[in-house]
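So the sequence lines, in the order shown, correspond to chains U and G.
Per numbering that gives the first Met the number 0, the first sequence runs over residues 0 to 622.
Per numbering that gives the first Met the number 0, the second sequence runs over residues 0 to 181.
Here a beta-carbon is modelled for each residue, glycine too, at the ideal position from N, C-alpha and C.
For reference, the structure is listed below as structure tokens.
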Amino acid sequence: MPITHPNLRLTRLDGAIPAWLGEIKPGDLLPICQNVSGGGGRLLALWGSDAREQGRGCDTLPAEPADCGSSRIAPPPAPEGCAPPCRGRGFALHVALVNEAGLICLSMALDAVQPVYPDISRIFPAASRMQRAAYDMLGIYAQENHDHRKWVRHAAWHGGSFPLRKDFETSPHLNPLPQAGEEATVPSLLEGGKQSEGALLTDAQSRDPLSNSLGETTSHSTRLQETAAKSLVIPQAGERTNEKGNLESLEPDAYPFVQVEGQGVHEIPVGPVHAGTIEPGHFRFSVVGEKVLRLEERFGYTHKGIEKRFESLTLQQGAKLAGRVSGDSTVAYAWAYAMAAESIAAVTPPDRALWLRALFLERERIANHLGDLGYLGNDVALSFGFAQFWILKEQLMRNNAVLFGHRYLMDQIIPGGVAVDLAESDMQTLRDECAMLEREARLLRGIYEEHAGVQDRFIGAGRVEPKLAAQLGLCGLAGRASAQAWDARVQFPCAPYDKLDVQMATYRNGDVAARVIVRFDELFESLRLQREILANLIHGDDLARPIEKLPGNGFGIGMVEGWRGEVLVAIHTDAQGNLTRVHPHDPSWQNWPVLEHAVLGNIVPDFPLINKSFNLSYSGQDL
Amino acid sequence: MYQILKQIIKTGIQTEAAPLPDDSMRVETKRLQEGILHVFGGALNIRHVDAGSCNGCELEIHAVNNAYYNIEGLGIKFVASPRHADMLLVTGPVSRHMVTALQRTYDATPEPKLVVAIGDCGCDGGIFCSNDGSPDGGGESYASCGKVANVIPVDVAVSGCPPTPAAILQGILTAISAQKKE
């Protein structure tokens with residue numbers, strides 16, 4: 000057992016990684032998190048699900064009392080696999096924690112009318128944005144949370160409705176597109192009778208028992224208490240309850256950034272459309288001269304409804320969508336999704352498929368490290384580095400296209416196995432490529448390390464001390480550059496990593512230079528792994544044990560060490576075995592808040608360099 | 000310095016021939032007068048806008064800048080501001096949260112301007128939206144407006160998930176080339 004607690008009964012989940020599932024009462028969440036945190040564990044992900052009776056597919060299990068067993072321990076799990084917890088009661092909160100023993104998935108039932116749970120961001124600061132997103136998407140609320148501003152929601156839907164609820168209208172006509180030239184506005188509930196879109200909202204409201212009117216309140220704390228007492232439409236910062244008790248926005252898509260005041264302080268707003276070819280997001284710098292006093296991030300711009308979209312897809316279509324959560328990590332997501340599905344179906348893919356998956360994952364890591372090392376050179380005005388590394392990356396991409404049919408290996412991992420084989424005659428191409436990359440990258444590493452101008456910019460820039468990294472839960476390659484020794488391939492080696500003896504790259508300095516060193520080390524380690532995989536690739540024609548349909552009422556989780564960090568996918572199925580909730584989790588959730596700290600005290604022109612050294616995903620966290 | 004020069008000489012010139020324009024990529028024909036295209040010549044400034052993509056198309060747009068495709072060698076470059084741009088290269092299904100930013104970027108780009116939509120999602124909303132003609136279909140969802148042409152006028156659309164660098168380059172060249180006479 001990874002942890003012990005008197006009110007916690009864990010059940011081991013089937014599957015490739017050590018994972019346990021336990022159902023708890025919300026009141027036990029804090030002590031258990033404290034327990035895991037005290038033992039050096041971390042928060043991996045937090046998400047909610049709608050398990051209310053009216054939802055489609057939630058109608059077969061008898062309703063249980065809403066208070067989810069006030070004094071008893073969690074019910075024993077179903078004999079086959081694990082029943083998705085808390086079904087048919089209300090909402091559910093799911094928290095995935097990790098410690099050295101493995102993954103601990105906690106589920107707790109929340110009330111259908113008052114879906115509140117204790118705030119865990121004091122224990123795991125990374126939880127804060129996940130909790131805010133869980134409110135935006137599902138309307139479940141972390142009590143006592145000091146920051147209750149909206150996170151993923153801007154103006155596409157109004158604050159009283161929640162896209163991941165089963166009774167949410169997905170029709171685009173509910174939230175009309177703002178006309179050209181018109182500001183995107185949050186339609187006010189107050190105006191319900193006057194505006195045409197408002198009329199629709201009121202219509203939706205009347206069907207949603209949670210959208211009751213709020214009473215007029217005076218102070219912040221009483222407002223929250225009364226809100227909690229009456230219903231769960233929380234006025235977030237930038238909104239207020241008006242005299243009729245409805246939510247309204249103070250200004251279009253208002254988002255209150257924390258302001259820094261003082262002589263000579265000014266703000267630099269950057270984005271969402273950036274100067275380079277990167278994803279959209281907003282950065283608000285408060286600076287004195289060139290020096291950054293504060294950075295605040297605002298994301299959600301690429302929110303395109305991925306989690307809701309999963310609910311209408313089959314298992315196979317879902318695999319394609321999972322591969323497009325973040326395009327640069329398509330292999331990691333597709334594998335994590337397949338791993339979760341295989342856990343529910345209790346299927347083990349053929350050995351050859353597992354070895355090919357590892358080959359794909361390492362090739363994805365090599366490609367991304369090559370690309371980023373090139374851009375890191377470019378960002379310090381060594382365009383030679385960009386030219387050279389991108390020639391290497393392009394050759395890798397072209398080999399992918401010729402040998403596996405896709406430059407980024409999209410859709411090549413399917414639930415149950417892989418979709419493409421590697422011909423015996425093509426193995427030599429990969430061996431030659433490996434030797435070429437090794438030779439060239441070593442030469443380029445020498446040039447980077449001896450280049451005074453490059454090192455001057457790299458060393459000391461964007462430093463994250465190991466202590467801060469541990470506190471904030473920095474993970475993945477950025478974490479390893481700040482002495483956070485976590486690598487799922489090493490700690491929880493699923494096949495074939497159990498036979499590969501992966502060497503983890505760690506470094507203590509936590510600056511851009513350290514992240515460059517870790518990238519180089521991981522690049523060479525991945526090249527070594529690729530050679531090992533080619534040498535040990537098990538022969539066979541069997542590439543997949545296809546899974547037609549998942550068993551009903553299942554829950555499965557998959558975790559893969561992508562190039563950026565741990566990628567996690569959780570799948571819940573309904574009674575018919577359809578995808579009822581799929582939650583993909585990107586390591587960027589943990590690492591974006593740390594970037595706000597890394598940039599402090601640096602100069603604004605170093606931000607692109609520091610940002611690139613992390614290279615976090617926008618799409619992966621906006622979903 | 001010696002190592003750098005040696006490596007540059009050893010690498011040599013990798014650039015390949017650029018693809019020819021392909022009229023089948025055109026969405027709106029002859030939006031710009033051929034005379035104006037002549038004024039553009041081959042030189043073009045591009046502003047890229049990610050309007051909600053998964054980052055896959057961005058990777059391939061980066062690759063267009065590598066030595067094999069060498070887009071700058073053709074006189075085409077990416078610029079930091081729409082005010083400096085002749086063309087917008089737009090990816091993604093347009094997320095509702097990016098509509099305002101995309102419209103403002105389009106408005107900030109001086110006339111005459113061209114728009115090239117990149118990727119399956121930019122062409123029809125892609126996998127993120129239902130395209131089956133149901134009430135929820137049409138490439139739109141609560142969070143996504145679907146194809147780029149739903150929000151701003153599009154001259155050329157390049158399909159693919161993601162489209163290859165060669166296809167992106169071909170789309171850009173198609174937009175700035177005069178349409179073939181029927």
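Assigned exposure category for residue i - 16 Cβ within 10 Å defines buried
i	result
S424(U)	exposed
I343(U)	buried
S382(U)	exposed
K611(U)	buried
S23(G)	exposed
N65(G)	buried
A62(U)	Unreliable positioning characterises A62(U) in this predicted model, as indicated by a pLDDT of 37, which lies under 50. A coordinate reading is not provided.
I602(U)	exposed
G416(U)	buried
D455(U)	exposed
A16(G)	exposed
K5(G)	exposed
I7(G)	exposed
A228(U)	Caution is warranted here: a pLDDT of 40 is assigned to A228(U), below 50, making its placement in the model unreliable, and the coordinate value is therefore given only provisionally. Its Cβ having fewer than 16 others within 10 Å, A228(U) is exposed.
H538(U)	exposed
Q2(G)	exposed
T163(G)	buried
K303(U)	buried
L599(U)	exposed
Same chain, Cβ closer than 6 Å to residue i, five either side skipped, listed in chain order
i	result
S158(G)	D119, C122
P161(G)	G55, C56, E59, G118
A165(G)	P18
A125(U)	L42, G472, Q589
G338(U)	The amino acid at residue 338(U) is misidentified as Gly; the sequence shows Met. Same-chain partners within the cutoff: A15, G557.
Q169(G)	P18, D21
V489(U)	V501, M503
F385(U)	G373, G376, N377
Residues that residue i bridges to, as DSSP identifies them
i	result
S48(U)	A91(U)
A543(U)	G416(U)
M136(U)	M136(U) pairs with nothing; no bridge assigned.
V63(G)	DSSP, once it has assigned bridges, lists no residue as partnering V63(G).
N98(U)	G101(U)
Q142(U)	P117(U)
D49(G)	T90(G)
R25(G)	V155(G)
Inter-residue CB distance, residue i and residue j (contact presumed, cutoff 8 Å)
i	j	result
S587(U)	R364(U)	Not really, about 16 Å apart at Cβ, beyond 8 Å.
L163(U)	I126(G)	Incorrect: roughly 19 Å between the Cβ atoms, too far for contact.
V78(G)	I45(G)	7 Å
I75(G)	L101(G)	Contact flag wrong, Cβ pair sits at about 21 Å.
N367(U)	D327(U)	6 Å
S143(G)	G51(G)	7 Å
A340(U)	G555(U)	6 Å
F391(U)	E439(U)	The sequence shown places Leu at residue 391(U), not Phe. That pair is a contact at about 6 Å.
Contact test: residue i Cβ vs the ligand GDP heavy atom, cutoff 8 Å
i	result
H584(U)	Among the ligands in the structure shown, none appear at all, so the ligand GDP cannot be discussed.
Own chain, CB closer than 7 Å to residue i, minus 5 neighbours either side, in chain order
i	result
A174(G)	M86, L113, V115, D154, V155
F309(U)	G317, L320, L578, V581
A624(U)	The structure shown does not extend to residue 624(U), since chain U spans only 0 to 622, so no value can be given for it.
L467(U)	H596
C433(U)	L526, Q529, R530
Amino acids of chain B, ordered along the chain, whose beta-carbon sits closer than 9 Å to that of residue i
i	result
S325(U)	Going by chain labels, chain B is absent from the structure shown, which instead holds the protein chains U and G.
Cβ neighbours of residue i in the same chain (closer than 8 Å, five flanking residues each side left out)
i	result
K307(U)	P162, L163, F167, T169
L369(U)	F388, W389, L391, K392, L395, L436, A440, L522
Checklist entry - Closer than 7 Å, Cβ to any Cβ of chain G: which residues of the segment 596-622 of chain U, in chain order? => result S616, S618
Next on the checklist: At a CB distance below 8 Å, what residues from the segment 282-312 of chain U approach chain G? Give them in sequence order.
Outcome noted: G299, Y300, T301, H302, K303, G304, I305, K307, R308, S311
Checklist entry - When you check each C-beta in the segment 100-111 of chain G against every C-beta of chain U, which residues fall closer than 7 Å? => result A100, Q102, T104
Checklist entry - Using a beta-carbon distance cut-off of less than 9 Å, what residues from the segment 570-584 of chain U approach chain G? => result none
Next on the checklist: Tell me which residues of the segment 62-82 of chain G have at least one Cβ-Cβ distance to chain U shorter than 8 Å, keeping chain order.
Outcome noted: A62, N64, N65, A66, Y67, F77, A79, S80, P81
Item to check | Selection of the segment 88-99 of chain G by Cβ proximity to chain U, strictly under 8 Å | outcome: G91, P92, S94, R95, H96, M97, V98, T99
Checklist entry - Given a limit of 7 Å on CB to CB distance, which residues of the segment 372-393 of chain U reach chain G? => result F383, A386, Q387, W389, I390, E393
Checklist entry - Given a limit of 7 Å on CB to CB distance, which residues of the segment 248-274 of chain U reach chain G? => result P271, V272, A274
Next on the checklist: If the cut-off is 9 Å on Cβ atoms, which residues from the segment 546-558 of chain U count as contacting chain G, listed in chain order?
Outcome noted: none
Checklist entry - Listed in chain order, which residues of the segment 479-497 of chain U have Cβ atoms closer than 7 Å to some Cβ of chain G? => result none
Next on the checklist: Any C-beta of chain G within less than 8 Å: which residues of the segment 153-166 of chain U qualify?
Outcome noted: H153, A154, A155, W156, P162
Next on the checklist: At a CB distance below 9 Å, what residues from the segment 427-447 of chain U approach chain G? Give them in sequence order.
Outcome noted: E439, L442, L443, G445, I446
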